[in-house]
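Protein sequence lines correspond, in order, to chains A and B.
Using the numbering used here, read the first sequence as starting at 1 and increasing by one per residue.
Using the numbering used here, read the second sequence as starting at 421 and increasing by one per residue.
Glycine is no exception: its CB is placed at the ideal position from the N, C-alpha and C atoms.
From a predicted model like this one, the values you see are computed outputs, not experimental measurements.
Okay, structure first, notes after.
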Amino acid sequence: MIDLRCRFSSSSARVLTCALLFFFVALAPPRVVAQLQVDITSGVTAPIPIAIEDFTDDPQTTATVIRQNLARSGRFSVGVRTASDYLVIGRTSIGADGRITFNYELTNLLTGQRLLVERISAAPTAWRNAAHRISDRIHQTIIGARSAFATRIAYVSVEGAPPAQRYQLIVADADGENSRVILQSRLPLMSPVWSPDGESLAYVSFETRAAAIYVQKVRTAERRRVSGRAGINNAPAWSPDGRRLALTLSSAGGNLDVHVLDLASGELLRVTDHPAIDTEPVWSPDGTQLYFTSDRAGGPQIYRAAPEVGARPQRITFTGAYNARPRISPDGRQLAHVTREGSAYRIAVQDLGNGTVRVLSKGRQDESPGFSPDGGTLIFAARERAQGVLATVSVDGLILQRLQSARGDVREPAWGPFLP
Amino acid sequence: MTRNILVAALVLGLLVGCKSAPPVTDSSGSMTAKSEPSATAIAQPDDSAGAVSAGEVGGEMDGRAVVLPAELAGRTIIYFAFDSDALSNDDQALLAAHARFMASRSNLRVRLEGHTDERGTREYNIGLGERRAQAVRRALGLQGVAESRLATVSYGEERPAEAGDDESAFAKNRRVELIYSEG
């Protein structure tokens, strides 16, 4: 049930607007959980023309999913064979066991060279994932860089007006499709983060009218409360090896400090010890450093410290009076964060080598940036007309997209890792 | 309460195809709050099927059943200026009245819920909401209310009192709510 409308403008930077209605299929009466509108607001000036023809004998809309993925990347313009440099054709077949096999070919129409001749198979329920994996293969082959179509995102959605809000934790494919609610509550849910293996989410829930951090397996919904100490339990961040969580706890007097919790032993160590607010920790990809927000210098700025007792934090951000909520790129070289420009909060990236800061977003209340696992894109939350929306921007700043929810506020997107 | 759990379990069971709710394991040791099942985890039986919905689970209503004296009725919220946890003289006077009320009703406890407006990052705002709750806690403490009768929780910007992106909404959302309960 996908209503796809695409419009190409005539400008040199082709602007593609696709309105996608995503329906959530429920066992009990079907109900719409999210309607996302994908709106590419800017793109590269010379996208590669490619044709993806409908797959033969396809019980699904595999080609449509691939077209949407490639168009959304901003690197391709999807059209007919006669106007394209590349062509994808395919055929599907259903085995006796019900599994779908996809045979597909990618051809360079200019040279006639067949670049890919491949076959993958998938359970019927995973056909969409197969389409994402085919998209990744096409992107890798033509662009020469890894893409993250076959990954997942999590985010928080809020429905209802105060004081009767309903909070939902939602997991979806990276294109926003295939969304499903994995937790709902009448009290706030926040700070979802994926485990490095992509199987679990850690998050904060106020369901007991006190804050606690839970770890939930996405597939089984089995959940474990890993931190429910008196006071604040907030801002969980998984270590790269998945064994520890950095998190924010408060003292009896309400002072916030960054701690590290060993998930197996429960051993807790305190990393910061300062009367300022120290929070929003995140690990460097090599696990040797924690980056976090602290207002020890007055306003919030980002600091770095080793994940150990008695660490001596070093200040990292110096441009502007408000820099918070750090995230580090997979290669460890870029620091994404929220920065204030005038009265607007925007997504910025600081080069950790030379200190250069680039502001990538244009909203008034942009927040919660997170890198895609390939490092090429940032997902973040924005506000439009008192409504939360999700957006992505390429780290080079060229491609900005909006994932607009027609129902409820969406916020706090978290992009999951590559899946095996 | 027990009835709520039963109803919740029934609703959940029906909607997830009679799977029982997955257990919550507590490995955190020192949880003090009573567990109210106002959140529902939902299994994804097949990783890609995702065809599960779930019903609303009941929970306690805000503990506002405590009847307040006329001078305090409708005066259980303290408002703050932008980026501030400072209490005005009027706030101090109001909190003194609350402290007198608590002195007269030794069975009462109060939960101080700190909130911010939506500007700034969410987790940092948890810290700012906590500062406001702690400012009210200290003021009540100075008026003689025992620490053991006061609890704080910061919701940051997660539970606005009013939706909206303008200063009028922001001003109503920068607040500490005093939530009384018995026992």
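Through-space distance from residue j to residue i, alpha-carbon basis
i       : j       : result
T447(A) : V88(A)  : No answer is possible for residue 447(A): it lies beyond the span of chain A, which begins at 1 and ends at 420.
D136(A) : I142(A) : 10 angstroms
Y203(A) : S343(A) : 29 angstroms
A172(A) : E602(B) : 43 angstroms
Q60(A)  : N129(A) : 12 angstroms
G564(B) : Q401(A) : 55 angstroms
G433(B) : N527(B) : The predicted position of G433(B) is uncertain, since its pLDDT is 37 and thus under 50; a value taken from the coordinates is nonetheless stated next. The straight-line gap from Cα to Cα measures roughly 39 angstroms.
R270(A) : D262(A) : 12 angstroms
R346(A) : Q365(A) : 7 angstroms
S468(B) : R223(A) : Interpretation of S468(B) is limited by its pLDDT of 34, a score under 50 that renders its predicted location unreliable; no figure is taken from the coordinates.
N509(B) : E207(A) : 35 angstroms
G584(B) : A386(A) : 5 angstroms
Y499(B) : A51(A)  : 59 angstroms
E105(A) : D586(B) : 54 angstroms
D175(A) : A150(A) : 9 angstroms
R595(B) : R552(B) : 8 angstroms
Q512(B) : A506(B) : 10 angstroms
Residues that residue i contacts on chain A, provided the C-beta gap is smaller than 7 angstroms
i       : result
A501(B) : Here the premise fails: no neighbours, minimum Cβ distance about 16 angstroms.
S458(B) : S185, R186, L187, E207
Residues that residue i bridges to, as DSSP identifies them
i       : result
K217(A) : S200(A)
V389(A) : A382(A)
D173(A) : R152(A)
H535(B) : G576(B), R595(B)
F55(A)  : DSSP lists no partner for F55(A).
Y167(A) : V158(A), S185(A)
L245(A) : W238(A), L261(A)
A461(B) : L183(A)
G299(A) : A297(A)
S250(A) : L256(A)
L268(A) : L261(A)
Neighbouring residues, chain B, relative to residue i (Cβ below 9 angstroms)
i       : result
Y345(A) : R539, G540, T541
N69(A)  : Within chain B, no residue comes near N69(A); the closest Cβ sits about 16 angstroms away, beyond 9 angstroms.
A324(A) : G540, T541, E543, Y544
R327(A) : Those do not exist, as R327(A) stays about 11 angstroms from chain B at its closest Cβ, beyond 9 angstroms.
Within chain B, the residues that residue i reaches when beta carbons sit closer than 8 angstroms
i       : result
S250(A) : E550
Q365(A) : E538, R539, D585
A51(A)  : Within 8 angstroms Cβ-Cβ: nothing; A51(A) doesn't reach chain B, min ~27 angstroms.
E159(A) : In chain order: nothing, as chain B lies at least about 11 angstroms away.
E412(A) : R542
S368(A) : T541, R542
Near the ligand MN: residue i beta-carbon under 7 angstroms from a heavy atom
i       : result
L106(A) : Among the ligands in the structure shown, none appear at all, so the ligand MN cannot be discussed.
Contact set between residue i and chain B, taken where Cβ atoms lie within less than 7 angstroms
i       : result
G338(A) : In the sequence under discussion, the amino acid at residue 338(A) is Val, which differs from the Gly named in the question. Going along chain B in sequence order, the residues near V338(A) (Cβ under 7 angstroms) are T541.
Closer than 8 angstroms at the beta carbon, the chain A residues around residue i
i       : result
T572(B) : G231, G254
A566(B) : Ordered by position in chain A, no residue passes the 8 angstroms Cβ test against A566(B), which lies about 14 angstroms from the chain.
A506(B) : Neighbours of A506(B) on chain A: none; closest Cβ ~16 angstroms, over 8 angstroms.
I462(B) : R180, V181, I182, L183, Q184, A221
Unbroken beta strand (DSSP E) run spanning residue i, endpoints
i       : result
R346(A) : 344–351
Y499(B) : 497–499
V88(A)  : 86–94
L256(A) : 256–262
D505(B) : It is not in any beta strand (DSSP E) - D505(B) carries neither H nor E in the DSSP assignment.
R119(A) : 114–122
For residue i, the first and last residue of its enclosing alpha helix (DSSP H)
i       : result
V193(A) : Per DSSP, V193(A) belongs to no alpha helix (DSSP H); it is in the beta strand (DSSP E), 189–194.
R552(B) : 542–562
I142(A) : 127–143
D511(B) : 509–524
L70(A)  : 62–72
* Asked: Of the residues that make up the segment 574–588 of chain B, which ones have a beta carbon closer than 7 angstroms to any beta carbon in chain A?
  -> For the segment 574–588 of chain B, the residues whose beta carbon sits under 7 angstroms from a beta carbon of chain A are, in order, S574, Y575, E578, R579, P580, A581, E582, A583, G584, D585.
Give, in chain order, every residue of the segment 531–561 of chain B whose Cβ lies closer than 8 angstroms to some Cβ of chain A. Listed by position along the chain: R531, E538, R539, G540, T541, R542, E543, Y544, I546, G547, L548, E550, R551, A553, Q554, R557.
* Asked: Using a beta-carbon distance cut-off of less than 8 angstroms, what residues from the segment 168–192 of chain A approach chain B?
  -> Among the residues of the segment 168–192 of chain A, those with a Cβ less than 8 angstroms away from any Cβ of chain B are V171, N178, S179, R180, V181, I182, L183, Q184, S185, R186, L187, P188, L189, M190, S191, in the order of the chain.
| said: At a CB distance below 7 angstroms, what residues from the segment 263–280 of chain A approach chain B? Give them in sequence order. | reply: Of all residues in the segment 263–280 of chain A, G266, I277, T279, E280 have a Cβ within less than 7 angstroms of some Cβ in chain B.
Return the residues of the segment 198–217 of chain A that lie within a Cβ-Cβ distance of less than 9 angstroms from chain B, sorted by chain order. Against chain B - using a Cβ distance shorter than 9 angstroms - the residues of the segment 198–217 of chain A are V204, S205, F206, E207, T208, R209, A210, A211, A212, I213, Y214, Q216, K217.
Discussion item. Output needed in chain order: residues of the segment 216–250 of chain A with a Cβ under 9 angstroms from some Cβ in chain B.
Written reply: For chain B, the residues of the segment 216–250 of chain A that bring a beta carbon within less than 9 angstroms of one of its beta carbons are Q216, K217, V218, R219, T220, A221, E222, R223, R224, R225, V226, S227, G228, R229, A230, G231, I232, N233, N234, A235, T248, S250, in chain order.
Margin query: Give me the subset of the segment 291–310 of chain A whose CB atoms are less than 7 angstroms from a CB atom of chain B, sorted by chain position.
Written below: For the segment 291–310 of chain A, the beta-carbon criterion of a distance under 7 angstroms to any beta-carbon of chain B is satisfied by T293, P300.
Task: Residues within the segment 374–392 of chain A neighbouring chain B, beta-carbon criterion of under 7 angstroms - done: If the cut-off is 7 angstroms between Cβ atoms, the segment 374–392 of chain A has R383, A386 near chain B.
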